[in-house]
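Asks: There's a structure below that I have some questions on.
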Amino acid sequence: MTIIRKLRFNASCSGSAFVCNNLREIRASNIGQLVKISGIVTRCSDVKPLMKVVGYTCEQCGFEIYQEVTA
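Shown next, in the form of structure tokens:
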């Protein structure tokens, strides 16, 4: 099963964004603020899905049980 989601994101800034030239300039005080970063992507990977519910099926009788993953 493949889930395809289209996401459109528009952000407008009226000059209140914190502009940094280096990723190391971002500090804890920037949490909750719009941060503008300029750079080049050198590596990327797939997003690993987060398992929320696990399902087990008995091979003998076909009984199914579901368990919520909290960790």
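Sequence positions in the sequence shown follow this note's numbering and run 3 to 73.
Even for Gly, the Cβ is constructed at its ideal location relative to N, Cα and C.
Where does residue 61 fall in DSSP's three states?
Replies: Position 59 of the sequence shown holds residue 61. Reduced to three states, the DSSP call for residue 61 is coil.
Asks: Just checking, does the region 37 to 54 make contact with the region 21 to 28 on the three C-beta pairs under 8 Å criterion?
Replies: yes
Asks: Along the chain, where does the beta strand (DSSP E) that runs through residue 27 open and close?
Replies: Taking the sequence shown and counting its residues from 1, one reaches residue 27 at position 25. Counting along the chain, residue 27 falls outside any beta strand (DSSP E), and DSSP gives it neither H nor E.
Asks: Which partner residues of residue 55 appear in the DSSP bridge assignment?
Replies: Counting from one through the sequence shown, the residue named residue 55 turns up at place 53. According to DSSP, which records beta bridges pairwise, residue 55 is partnered with 70.
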